[in-house]
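Everything on this sheet refers to the single structure shown next.
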Amino acid sequence: MKKLTTISTAFGLLAATLLSGAAMAHTLTVQIDQISEQSGKLHVAVYANEENYQQGKNATAAQIKPVTADSHQLVFTDLPAGQYAVKLMHDANDNGTLDRNFMGIPSEGYGFSNNAGEFGPASFADAAFDVAADTQLTIHVR
Amino acid sequence: MDRRRFLTAALACASYSAVAGAADQLLAVVRTPEAELPWRRAFQGVRADFSPLQLHTEGQWPAALRGTLLRNGPARLERAGERYQHWFDGDGMVQQFQIAHGKVTHQGKFIRSKKFLVEEMAGAFRYHTAGTLVKNPLPVRNNDDLNVANTALIPWQGEVLALWEGGSPHRLAADSLATLGVKDFGEQYKQLPFSAHPLPDGQGGMWNFGSWYVGGQKQLLVYQVGADDRMQRLQQITLPQASYLHAFSQSADKLVFFLSAAVYEQADTYISSFQWRPELGSQLLIIDKADFSQQQWVELPAGFAFHFGQAWQQQGELCLQACLYPDASVMLTGMSQIMQGKARKQSSSAELVTIRLPLGKTNATAQLERSGLVLEFPQFVAGFASTGSAASAHAVVAPLFGVSGSDRSESGLSQSLVRVDASGQQQSFDFGPGVVVEEPLLVGQHLIASWLDYRKGQSGISLFLQDQLAAGPVAQARMDRLLPLGFHGCFIS
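Following this line, the structure appears as structure tokens:
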């Protein structure tokens, strides 16, 4: 019985080691839907901390994808295990920025992981999710 | 002596502050018990467009009267077992009455806002509204995701604009009522709040405003949209209090805003965020049309108003007609009670008043003249050219028309039309029990008003001669359709 336990512990350790090795290269798959206009580009960025998320700088990973359908899938590979938050904008007129009105309210689409933020931008805490294995999430463009 | 006469006799000319408490008691009408409430049918809402139907006509429809009466109002009030909690919430639907050769045809069509289309597809409410939190809301991009386009209609650039107050107008085709898109007046002015009561600027354009209270801001945005369909001027004014603002008025030289004592303090819904704070009082903001930065502020005791009549300048004074409530209960509780099938018994009514103050003086004191007349949805012949100027001795004040109510109304809703001229002479026509009459519109020498007879399950329109309102309608048209009660409309000849 003792031997079985030892073996089981050994397997457990092995499994943990293998998993932590995989954690160096997790894949994040982001499904983006409810794209209202089939034009322009999606700008999608993955941030690892609140400061970068707030400032929109030093993204851990980022992609730009031309919009050709009302939904798109983006895959981010080699993400270390950790906490992340995703921001996206749909630059429908392809002018390189999220168009805003006089009061700073976006007129183009945007979205956050966890579909956080009922009205206006989502905080890092609300948009944050853990990556400890390959992860999939869906963001509805609003 | 009835209530109206009593008010007229006792309080015809009193200072604003002296009457605020009295108005509370006098205008807080106790309505019928809730046991039998046939008027609930007026708020059952509709689920589909109305196809064209010819109405049964009576009386003498003038052969020369040709045109289209368009009316807007909240119409979709329930989906998938969820019912809106406030009258402001429903999706806008346009009721169109086409009048030609003595015949009247009706059709009705929902405005295809983004919100309406998403919820039609979902078969359920998916966006929070002004007064209701829905069960399963989608996140919103901007104000227009919540736009129900349900408040007013104006002709503009060969189209019709369906107005809300929290976001963009929607463009409609006047004939087919097809929704053509969302209106903007320039790239950076998209999705700005745009009140449902723009005023003509006398040059083919319009004045309007929006209030912006998100995140504790207290911003009034004042606009002039040019005849070229572009935003010509925009002034951002920081208000002393985040008052609910629905409409404004203009004299020859001034734009006039009444800042009520119902102020925004962020809560669950937009409506529930407004709190009645009588200790703050109200204020008038008077803005020079030529230079928006020239502003006069005048303190007033607490009051509340949606709508205003004429403003005019006379011998250094500014005068403003307002449909003044002693408190904001009509919006904060009355419009929820009627949606829940409860009579508006606790909420106050609007009285026509004239506020007078010296123009251009700091610490000016306003005087208030009461009419004793319950009046809402005020209408007058667009008096831009006749509203006096700073120098004029005698401003021309046009007769004012509107709806009125009485203690006999089961629902607390309007059942009569009234006309009051500058001398205070009044005429009225009572539609009788079971009928709710809506905002009347002036068409040439006529006055036209739509109504709902909830006991008979009929809707219709009545035509009056403006100066012979008491004589009753010269022509009517009715049909076996129960249209939802609405807010504002327009007549296109």
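One line per chain: the protein sequences are A and B, in this order.
Be aware that the first sequence starts at 2, since it is given in this note's numbering, and climbs by one per residue.
Be aware that the second sequence starts at 72, since it is given in this note's numbering, and climbs by one per residue.
Note that beta-carbon positions come from the ideal geometry of N, C-alpha and C, so glycine has one too.
Local conformation of residue 314 of chain B per DSSP, three classes | strand
Note down, in chain order, all residues in the stretch 27-39 of chain A with a beta-carbon under 7 Å from any beta-carbon belonging to chain B.
-> none
If you follow the alpha helix (DSSP H) that residue 53 of chain A is part of, which residue opens it and which one closes it?
-> 51-56
Option in B:141, B:205 and B:216 with minimal Cα separation from residue 246 of chain B | B:141
When B:203, B:492, B:552 and B:520 are compared against residue 411 of chain B, the one with the closest alpha-carbon = B:203
Determine whether the Cβ of residue 104 of chain A lies closer than 9 Å to any Cβ atom of chain B.
-> yes
Are the C-beta atoms of residue 141 of chain B and some chain A residue less than 9 Å apart?
-> no
Among all the DSSP beta bridges, which residues are the ones paired with residue 282 of chain B?
-> B:291
For residue 262 of chain B and chain A, any beta-carbon pair shorter than 9 Å?
-> yes
Taking a Cβ distance cut-off of 7 Å, strictly less, list which residues of the stretch 115-137 of chain A are near chain E, in chain order.
-> Going by chain labels, chain E is absent from the structure shown, which instead holds the protein chains A and B.
Quick one: residues in its chain with C-beta nearer than 6 Å to the C-beta of residue 46 of chain A, no 5 flanking neighbours on either side, listed in chain order?
-> 60, 63 and 88
Can you round the beta-carbon distance between residue 164 of chain B and residue 555 of chain B to whole angstroms, since I take them to be within the 8 Å contact cut?
-> 7 Å
Which residues mark the beginning and the end of the alpha helix (DSSP H) in which residue 189 of chain B is found?
-> 185-193
Cross-chain neighbours of residue 54 of chain A in chain B, by beta carbon under 9 Å | Correct list: empty, because the minimum Cβ distance to chain B is about 17 Å.
How about residue 97 of chain A: is its C-beta nearer than 9 Å to some C-beta of chain B?
-> no
Provide the residue(s) that pair with residue 88 of chain A in DSSP beta bridges, ordered along the chain.
-> A:46 and A:113
Figure out for me which residue from B:135, B:154 and B:108 has the closest Cα to the Cα of residue 117 of chain B.
-> B:154
Put residue 434 of chain B into one of helix, strand or coil per three-state DSSP.
-> coil
Within the 9 Å Cβ cut-off, does residue 108 of chain A reach chain B?
-> yes
Roughly how many angstroms separate the alpha carbons of residue 346 of chain B and residue 137 of chain B, rounded to a whole number?
-> 45 Å
Determine whether the Cβ of residue 292 of chain B lies closer than 9 Å to any Cβ atom of chain A.
-> yes
Beta carbon of residue 130 of chain B, beta carbon of residue 544 of chain B: below 9 Å?
-> yes
Can you give me the Cβ contacts of residue 78 of chain A inside the same chain, cut-off strictly under 6 Å, excluding the 5 residues immediately before and after it?
-> 28
Would residue 96 of chain B count as contacting chain A if we go by Cβ distances under 9 Å?
-> Low confidence applies to residue 96 of chain B: its pLDDT is 32, below 50, so where it sits in the model is not reliable, and the reading given next is rough at best. It does not: the Cβ of residue 96 of chain B has no partner Cβ on chain A nearer than 9 Å.
Could you tell me which of A:119, A:130 and A:80 sits nearest to residue 199 of chain B, measuring between CA atoms?
-> A:119
Skipping 5 residues on each side, what residues in its chain have a beta carbon closer than 6 Å to that of residue 110 of chain B?
-> 481, 482 and 525
How about residue 199 of chain B: is its C-beta nearer than 9 Å to some C-beta of chain A?
-> yes
In chain B, what lies closer than 8 Å to residue 111 of chain A by C-beta?
-> 212
Thinking just about the alpha-carbon of each residue, which of B:508, B:475, B:515 and B:485 is nearest to the one in residue 498 of chain B?
-> B:475
Going along the stretch 253-282 of chain B in order, which residues come within less than 8 Å of chain A, judged by CB to CB distance?
-> 258, 259, 260, 261, 262 and 263
In angstroms with no decimal places, state the Cα-to-Cα distance between residue 271 of chain B and residue 326 of chain B.
-> 11 Å
Which bits of chain A does residue 208 of chain B rub up against, with CB to CB less than 9 Å?
-> 119
Would residue 468 of chain B count as contacting chain A if we go by Cβ distances under 9 Å?
-> no
Reduced DSSP category for residue 277 of chain B - H, G, I as helix; E, B as strand; rest coil = strand
Under a Cβ-count criterion, where at least 16 other Cβ atoms within 10 Å of its own Cβ denotes burial, should residue 147 of chain B be classed as buried or exposed?
-> buried
Do you know how far the Cα of residue 287 of chain B is from the Cα of residue 334 of chain B?
-> 11 Å
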